[in-house]
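K.L.:
Residue 465 in our numbering sits at position 465 of the sequence shown; the count goes up by one each step and never skips.
Cβ coordinates follow ideal geometry from the N, Cα and C atoms, glycine included.
None of the values given here were measured: they were computed from a predicted structure.
Take this structure, written in structure tokens, and hold onto it; I'll ask about it next.
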Amino acid sequence: MVDGARQPGGGGEERAGEQEREDGDRGLETAEPRGKHGEGDEDDERFGSNGFSFRELWRFTGPAWLVSIAYLDPGNLETDLQAGAQFGYSLSWVLLWSSILGLVIQVLSLRLGIVTHRHLAQLCRYEYPPFVRYVLWVLSELMIVASDVPEVIGTAFAIQLLSKGMIPLWGGVLTCAASTLVFLTLSYLGLSYLTAFVGGLVGIMSFCFVAECFLSPPDGWSSVVGAAVPNLPAGSEMIAVGLLGAVAMPHNLFLQSALVLSRKTKREKTSIRFACIYTTIETAFALGVSFLVNWSVLLVAASSFSPYWCSPVQEVCEVNTPECKETNNLENCFPVGLETAGKLLQTTVGEKAGIFWAVALLASGQSSTITGTYAGQFVMEGFVEMSLPLWLRNLVSRGIAIVPSLCVSIIAGPRGANDLCVIASIVLALHLPLALIPLLKFTDSRERMGDHRNSRMLSGVSWMLALMVIAANSSLTWNTVIDPMLQEDGYNSWKFVVVVIIAALYIALLGYLICRPVQKRTEGTHGTPVIMHANGSGMLQPLMLDAA
């Protein structure tokens, strides 16, 4: 039932709804399940009693916008640029279907949190023995730091562009530390302010990239054909793999499953089903906006850079040099990257286009910092039950990310900074299966999800899509790291031995996560054994037992 008519006392209900949303937002600071061992509180809300309600849907708005930011980080924008500049509109369909895949994975993550009242990191702590969960925790912390590197680099490039070169790249990196002060202020004001701030940054990015499309209009028919008709031009395989791998960000799986815990949901089948529906609708809308932003970047690159792409040197030439020769000494040609994109747009489109790009890049870097900090906090609390103040968490992860970014920007300049972003994306790609496999195992499990577990069709589709992403990321890692190293040093170098050892340990860990059945018996927060079981109505309930 849609709440269309104004009922007596409706204003009070709306104010109550707003208050409930604010209370839920404050709950995000810890995202711990309410009540004893997750059975819920008496204050939990019942949803769907009278069918679908827009007022109930409104209570669930907010968290998905924090999740969508990960799809708009500087690393994704870099991949969009490369796809559009090198292959025009042809890879739009890859971006579209990658976004649909990302939505499927995010829906699994939100369902896990809503049904179990636990987020992914907590369930991993309950599921795996101490050694495995500590390994997963350390690798997850490295993943959080790696995700912060492109944000630092992107923000530094934006500051350099907006200052017209007066602030060098390394100065922009140091300036990124100031964002911690902004985050600290917003976290003290409350998460509702933080969510509004992130929404504002998404709005800024959307406006800037839409403005870019008006300044450099793409070909309408080619854009539609590129999105609707699968086409893989020769040499585009690696860029397509990059687009596919970029949509499944491992820290997003931890983040979404934790953010949904802020919405108080009655532990009954109908309420949980409608909570999943409302959260899925919000997530689909937020990720739809992020897809349009990414697509607009690809379209701008296709219309502005692709006509001047020089294949022999893999660079874009200025308008006044439409023809290029096979030489590396072209003064009027530039590689496509986060920094050079602004300069190229100023040259090919106009000064306003370069400014819009820099502002959008700055918004992307700053908003991604916020979501990365929250994801890191949930990872730490979930795996090892240790918590830091959000501002301190942000300071630590940002400080660790700034060190390599600063060194590379001073020694190697913009090209080295772009290479560092590639390395960070490799780290994220390698970590993805370590988060995705437990997510799929848990959502397939009746012991964890009760009657809300994945259907056979959803399970099959999810595993197939997950294997596609893992294969794509493995291919990306091989072609960008391992194969170049082997061609340079051969199979007899110490580097090859190290790679073989790391690969063997990595594959062994993946095999363990895949083959280990989900346990019916886990340990609660305080060491009390818990058996998760489905009751007569199909709901998952914790059975508290005496400690053995």
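#1: Could you tell me if glutamine 487 is buried or exposed, where buried requires 16 or more neighbouring beta carbons within 10 angstroms of its beta carbon?
#2: Measure the C-alpha to C-alpha separation of valine 500 and valine 104 and round it to an integer number of angstroms.
#3: Tell me which residues share the same chain as valine 379 and place their Cβ nearer than 8 Å to its Cβ, disregarding the 5 neighbours each side in the sequence.
#4: Got a sec: does the ligand GTP put a non-hydrogen atom nearer than 7 Å to the Cβ of serine 364?
#5: Give me the residue from Asp419, Arg111, Ala85 with the minimum Cα distance to serine 455.
#6: Does DSSP put threonine 371 in a helix, in a strand, or in coil?
#7: Helix, strand or coil, according to DSSP, for valine 270 in the structure here?
#8: Tell me, please, whether the stretch 212 to 225 touches the stretch 290 to 306 by the rule of three or more beta-carbon pairs shorter than 8 Å.
#9: On the DSSP bridge list, what partners appear for glutamate 127?
#10: What residue ranges within the stretch 465 to 502 form continuous alpha helix (DSSP H) runs of no fewer than 4 residues, ordered along the chain?
#11: Which whole runs of the beta strand (DSSP E) in the stretch 205 to 238 are 3 residues long or more, in chain order?
#12: Which of the three DSSP states, helix, strand or coil, is assigned to threonine 116?
#13: Out of curiosity, what's the CA-to-CA distance linking valine 229 and serine 409?
#14: Buried or exposed for glycine 372, please, with buried defined as at least 16 other CB atoms from any protein chain shown within 10 angstroms of its CB.
#15: Which value, in whole angstroms, describes the spacing of the CA atoms of leucine 96 and glutamine 346?
#16: From alanine 435 to lysine 441, what does the alpha carbon distance come to, in whole angstroms?
#17: Below 8 Å between beta carbons: does that hold for leucine 91 and serine 236?
#18: How many whole angstroms separate the CB atoms of alanine 286 and tryptophan 478, which I take to be in contact at a CB cut-off of 8 Å?
#19: Counting only the same chain and skipping the five closest in sequence on each side, list residues whose C-beta sits under 7 Å from that of alanine 429.
#20: Could you tell me if leucine 465 is buried or exposed, where buried requires 16 or more neighbouring beta carbons within 10 angstroms of its beta carbon?
#21: Hey, would you say serine 549 sits closer than 8 Å to proline 63, going by beta carbons?
#22: Between the C-alpha atoms of glutamine 160 and tryptophan 170, what's the straight-line distance to the nearest angstrom?
#23: Do you know whose CA, among Ser367, Ile370, Thr340, lies nearest tryptophan 357's CA?
#24: If we call anything under 8 Å between Cβ atoms a contact, is isoleucine 272 one with valine 115?
#25: Between isoleucine 402 and valine 152, how many whole angstroms is the CB-CB distance? I'm expecting something under 8 Å.
#26: Taking DSSP as the reference, what is the three-state secondary structure of threonine 265?
#27: Is glutamate 78 helix, strand or coil when you go by DSSP?
#28: Measuring alpha carbon to alpha carbon, tell me which residue in Gly450, Met449, Leu467, Asp444 is nearest methionine 457.
#29: In chain order, what residues of the same chain lie with their CB nearer than 6 Å to the CB of threonine 279, ignoring the 5 residues before and after it?
#30: Taking alanine 302 and glycine 88 to be in contact with their CB atoms under 8 Å, please state how far apart those CB atoms are, rounded to whole angstroms.
P.N.:
On the basis of the coordinates in this document:
#1: Walking along the sequence shown from the start, residue 487 turns up at place 487. Counting Cβ neighbours within 10 Å, glutamine 487 comes out exposed, since fewer than 16 surround it.
#2: Position 500 of the sequence shown, counted from the start, is the residue given in the question as residue 500. Position 104 of the sequence shown, counted from the start, is the residue given in the question as residue 104. If I take the Cα positions, the gap works out to 33 Å.
#3: Here residue 379 corresponds to residue number 379 of the sequence shown, with the count starting at 1. Excluding sequence neighbours, valine 379 sits near Ala121, Trp137, Ser140, Glu141, Ile144, His251, Phe254.
#4: This structure lacks the ligand GTP, and indeed carries no ligand of any kind.
#5: Here the question's residue 455 lines up with position 455 in the sequence shown. Of the candidates Asp419, Arg111, Ala85, the one whose C-alpha sits nearest the C-alpha of serine 455 is Arg111.
#6: Position 371 of the sequence shown, counting from 1, holds the residue named residue 371. Helix, per DSSP.
#7: Your numbering for residue 270 matches position 270 in the sequence shown. Note on residue identity: the sequence assigns threonine, not valine, to residue 270. It is helical.
#8: yes
#9: Within the sequence shown, residue 127 is the residue found at index 127, counting from 1. According to DSSP, which records beta bridges pairwise, glutamate 127 is partnered with nothing at all.
#10: 483 to 489
#11: none
#12: To locate residue 116, count along the sequence shown from 1; it is residue 116. Three-state DSSP puts threonine 116 in a helix.
#13: In the sequence shown, the residue the question calls residue 229 occupies position 229. In the sequence shown, the residue the question calls residue 409 occupies position 409. Those two C-alpha atoms are separated by around 40 Å.
#14: Within the sequence shown, residue 372 is the residue found at index 372, counting from 1. With 16 or more other Cβ atoms within 10 Å, it is buried.
#15: Taking the sequence shown and counting its residues from 1, one reaches residue 96 at position 96. Taking the sequence shown and counting its residues from 1, one reaches residue 346 at position 346. So the two alpha carbons sit approximately 28 Å from each other.
#16: Sequence index remark: in the sequence shown, residue 435 carries index 435 (1-based). Sequence index remark: in the sequence shown, residue 441 carries index 441 (1-based). C-alpha separation (whole angstroms): 10 Å.
#17: In the sequence shown, counting from the first residue as 1, residue 91 sits at position 91. In the sequence shown, counting from the first residue as 1, residue 236 sits at position 236. Result yes, Cβ atoms of leucine 91 and serine 236 sit closer than 8 Å.
#18: In the sequence shown, residue 286 corresponds to position 286, counting from 1. In the sequence shown, residue 478 corresponds to position 478, counting from 1. 33 Å between Cβ atoms; not a contact.
#19: Along the sequence shown, read from residue 1 onward, the residue named residue 429 stands at position 429. Answer for alanine 429: Gly245, Asn473, Leu476, Thr477, listed in chain order.
#20: To locate residue 465, count along the sequence shown from 1; it is residue 465. The residue is buried, with at least 16 neighbouring Cβ atoms inside 10 Å.
#21: Past the edges of the chain, shown from 1 to 548, lies residue 549, and the structure says nothing about it.
#22: Your numbering for residue 160 matches position 160 in the sequence shown. Your numbering for residue 170 matches position 170 in the sequence shown. Straight-line Cα distance between these residues: approximately 9 Å.
#23: Here residue 357 is taken as the residue at index 357 of the sequence shown, counted from 1. Of the candidates Ser367, Ile370, Thr340, the one whose C-alpha sits nearest the C-alpha of tryptophan 357 is Thr340.
#24: By 1-based counting over the sequence shown, the position of residue 272 is 272. By 1-based counting over the sequence shown, the position of residue 115 is 115. Their beta carbons are under 8 Å apart, which means isoleucine 272 touches valine 115 by this criterion.
#25: Counted from its first residue, the sequence shown places residue 402 at position 402. Counted from its first residue, the sequence shown places residue 152 at position 152. Indeed they touch by this definition, with Cβ atoms about 6 Å apart.
#26: For the purposes of this step, residue 265 is taken as the residue at position 265 of the sequence shown. If DSSP states are grouped into helix, strand and coil, threonine 265 belongs with the strands.
#27: Your numbering for residue 78 matches position 78 in the sequence shown. DSSP places glutamate 78 in helix when its eight states are reduced to three.
#28: Your numbering for residue 457 matches position 457 in the sequence shown. Ranking the options by Cα distance to methionine 457, first place goes to Asp444.
#29: The residue given as residue 279 occupies position 279 in the sequence shown. So the list reads Phe60, Leu110, Val260, once near-sequence residues are dropped.
#30: On the sequence shown, residue 302 is found 302 positions in, with the first residue counted as 1. On the sequence shown, residue 88 is found 88 positions in, with the first residue counted as 1. At roughly 5 Å, the Cβ-Cβ gap stays under 8 Å, so alanine 302 and glycine 88 are in contact.
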